[in-house]
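In what follows, a structure is listed as structure tokens, so that the remarks can point back to it.
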Amino acid sequence: MLKWYSYFLSFAFLLIFGIVSHRIKRRVPRDSSHHGFNVIITGGSKGIGLNLAHHFLKLGDNVLLASRNKKNLELAVEKLKKKLPSICEQEKSRLHNNLLLLLLKKSHLLNNNDTQILDLEKLFAFAHKIFDGKIDIIINNAGISTPHKHAMNMNNDEIRRVIDVNLIGMFSCCRQAMLYVDSNANQSTDHHLFVFNMWCVQNIHIYVHIYIVEYTYMCVYLCELFFFICCLCYDVMGIEICSGSGSDGHSTPQHAAYGVSKAGHLQLMDSLNDEILSCKSLEGKISVHSLHPGMVATSVFSSFVHEDSDLIMANSRTESADVVCNWLCEKIRGVVSNAETFKNGGVYIEWHNPTNALLRILKGMLGFHKHKFFDSQGKCTVDLD
């Protein structure tokens with residue numbers, strides 16, 4: 002008679018085999034081959050958006066940058082020309098043809114909802130025209146952070162501004178993408194539009210609350226069986242180990258408005274994907290996914306780091322925008338080039354998983370990342386954007 006642990010080991014083996022097979026199947030590959038994807042990036046005039054545009058262009062894709070500031074767009078063009086001198090020299094017209102700019106005269110910061118919707122309609126109409134009716138990727142990157150400020154010291158306009166840009170603006174863009182696909186449902190039967198929402202964390206104070214969750218999971222990973230059970234929850238049940246400030250339900254003191262604006266992103270992604278699957282004109286033609294770049298060395302992020310910040314965390318967890326955006330770009334293209342696998346949406350692309358985060362923090366404690374981005378006074382030691 003087989004003992005109880007034989008049944009347990011058999012069950013554990015089958016569970017591990019099934020989970021590993023599932024993870025391999027759902028693994029997002031990196032794709033740096035030439036496809037000529039048509040990409041829209043909101044908030045693309047600086048920071049992460051600008052660096053993503055650079056890497057998409059470098060791989061031969063067509064990019065439409067959307068911004069509310071004409072001057073910033075013009076500066077973005079000059080920066081991209083400097084970053085891509087070989088493209089300009091070898092084929093002078095390529096940069097002009099691949100890089101398309103759009104100035105939205107009205108922004109998502111306005112309170113007039115009709116004006117916001119009208120701007121998005123213009124954006125999609127313009128993209129439809131210049132991309133010959135084929136839009137492959139939309140990256141909702143536009144967003145703002147908040148200063149270290151108590152909720153009692155914020156006025157309604159400040160709160161509304163953050164919510165409008167980070168949540169309502171993203172929701173409106175996803176909605177407009179769905180309307181766009183629905184209105185063109187009869188024109189193309191095999192084309193798929195991928196929408197990626199950016200969960201960008203720009204504040205060092207907020208990340209402290211997420212480290213506790215990461216340390217907890219790392220302790221669980223020490224046990225092999227519980228490791229795979231956690232992976233099962235992560236992949237199958239949709240539980241996110243680290244999903245950005247506020248988006249995982251953790252508190253964000255002194256950044257309440259920012260946390261609230263991020264808390265709805267996971268729910269929005271899941272809800273929209275379920276709605277898409279239940280709509281015949283949208284099913285198989287559009288999907289919503291999420292990006293989490295973590296702490297990226299941009300001018301916006303650096304403004305929140307000072308001498309009282311945890312500089313070990315800041316230097317060990319922060320990475321340059323060029324490195325992160327190169328990785329994100331290839332991952333995004335990997336999702337799009339494997340449309341059949343990821344067409345139902347819900348892909349969560351995260352630069353820092355708990356294992357990576359813990360290793361970086363340990364290296365930081367040992368002094369490997371000392372003054373990598375910030376000195377002892379919290380001043381930035383590298384050029385940003």
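In this note's numbering, the protein residues as written are 2 to 386. Ideal placement from N, C-alpha and C gives every residue a C-beta, glycine not left out.
| field | Those residues which DSSP pairs with N157 across a bridge | value | When DSSP reads this structure, N157 sits in no beta bridge, so it has no partner.
| query | Are the stretch 143–159 and the stretch 78–87 touching, with three or more C-beta to C-beta distances below 8 Å? | reply | Remark: fewer than three beta-carbon pairs, one from each stretch, lie closer than 8 Å, so the stretch 143–159 and the stretch 78–87 are not flagged as touching.
| query | Residues in its own chain within less than 8 Å of L360 by CB, not counting five upstream and five downstream? | reply | Shown here for L360: not one same chain residue has a beta carbon closer than 8 Å to its own, the five before and five after excluded.
| Collapsed DSSP secondary structure at H36 in the structure displayed | Note: H36 maps to coil in three-state DSSP.
| task | Using three-state DSSP, classify N70 as helix, strand or coil. | result | In this structure, N70 counts as coil in the three-state DSSP scheme.
| query | Tell me, which residues are paired with F197 by DSSP? | reply | Within the DSSP bridge table, the entry for F197 names I140 and H290 as partners.
| said: Between which two residues does the alpha helix (DSSP H) holding E276 run? | reply: Where E276 is concerned, the enclosing alpha helix (DSSP H) starts and stops at H266 to L278.
| message | Using 8 Å for Cβ pairs, my map puts V325 next to H290. What's the rounded Cβ distance? | response | About 17 Å separates the two Cβ atoms, so there is no contact after all.
| query | Can you give the Cα-Cα distance for A258 and G265, rounded to whole angstroms? | reply | The alpha-carbon atoms of A258 and G265 are separated by roughly 12 Å.
| task | Ignore the nearest five residues each way along the sequence and tell me which others in K150's own chain have a CB closer than 7 Å to its CB. | result | Cβ contact annotation for K150 (same chain, cutoff 7 Å, sequence separation greater than five): Q255, in chain order.
| query | With 16 as the cutoff for other CB atoms within 10 Å, does E351 come out buried or exposed? | reply | Per the 10 Å Cβ criterion, buried.
| Touching by the beta-carbon criterion (3+ pairs, under 8 Å), the stretch 128–142 and the stretch 156–167 | No, because fewer than three Cβ pairs between the stretch 128–142 and the stretch 156–167 fall closer than 8 Å, the two stretches do not touch.
| task | Just tell me which of S173, L269 and R334 has its CA closest to the CA of V40. | result | It is R334.
| said: Determine whether the beta carbon atoms of N274 and G347 lie at a separation below 7 Å. | reply: When the beta-carbon positions are compared, N274 and G347 come within less than 7 Å of each other.
| request: Say whether the stretch 315–330 touches the stretch 179–194, bearing in mind that this needs 3 or more beta-carbon pairs closer than 8 Å, one atom from each stretch. | output: No, the stretch 315–330 is not in contact with the stretch 179–194.
| said: Distance check for I277 and G368, CA to CA, integer angstroms please. | reply: In this structure, the straight-line span from the alpha carbon of G368 to that of I277 is close to 48 Å.
| task | Following the continuous beta strand (DSSP E) through I333, name the residue where it begins and the one where it ends. | result | It is not in any beta strand (DSSP E) - I333 instead sits in the alpha helix (DSSP H) that spans A322 to S338.
| query | Alpha carbon to alpha carbon, how far is A54 from V64? | reply | The alpha-carbon of A54 is positioned some 6 Å away from that of V64.
| query | Looking only at its own chain, which residues have a Cβ that is under 7 Å from the Cβ of K373, when we skip the five neighbours before and after it? | reply | When the five nearest sequence neighbours on each side are left out, the beta carbons in the same chain lying within less than 7 Å of the beta carbon of K373 are those of N316, in order along the chain.
| Would DSSP call L367 helix, strand or coil? | DSSP places L367 in coil when its eight states are reduced to three.
| Helix or strand or just coil, what does DSSP make of I350? | Strand, per DSSP.
| field | Rounded straight-line distance, which links the Cα of K82 to that of N99 | value | Roughly 12 Å between the two C-alpha positions.
| field | CB contact flag (N167, S262, <7 Å) | value | With respect to S262, N167 sits close: the two C-beta atoms are nearer than 7 Å.
| message | Taking the beta carbon of K380 as the centre, do at least 16 other beta carbons fall within 10 Å, making it buried, or is it exposed? | response | Of the other Cβ atoms in all chains shown, fewer than 16 fall within 10 Å of the Cβ of K380; this residue is therefore exposed.
| request: Go ahead and label S68 buried or exposed: buried means 16 or more other beta carbons lie within 10 angstroms of its beta carbon, across all protein chains shown. | output: With a 10 Å radius around the Cβ and a threshold of 16 neighbouring Cβ atoms, S68 comes out buried.
| query | CB-CB under 7 Å to L10, same chain, minus the five flanking residues each way: which ones, in chain order? | reply | Result list for L10: empty, nothing under 7 Å.
| How is the alpha helix (DSSP H) around D183 delimited, first residue to last? | G170 to S184 is the extent of the alpha helix (DSSP H) around D183.
| said: Bridge partners for A298 per DSSP, in chain order? | reply: S321.
| Contacting residues, own chain, Cβ-Cβ under 6 Å from S338 (five flanking each side not counted) | Cβ within range, chain order: D32.
| said: Can you give me the C-alpha to C-alpha distance between K371 and G285, rounded to a whole angstrom? | reply: Cα to Cα, the separation comes out at about 48 Å.
| Start-to-end residues for the alpha helix (DSSP H) that takes in G48 | For G48, the uninterrupted alpha helix (DSSP H) segment begins and ends at G48 to K59.
| request: Whole angstroms is fine: what's the gap from F127's alpha carbon to H193's? | output: Across the structure, F127 and H193 are spaced so that their CA atoms are roughly 18 Å apart.
| task | Using three-state DSSP, classify N63 as helix, strand or coil. | result | The three-state secondary structure of N63, taken from DSSP, is strand.
| Assigned exposure category for L124 - 16 Cβ within 10 Å defines buried | L124 should be labelled buried.
| Do you know offhand how far T299's Cα is from I362's? | Straight-line measurement puts the Cα of I362 at about 20 Å from the Cα of T299.
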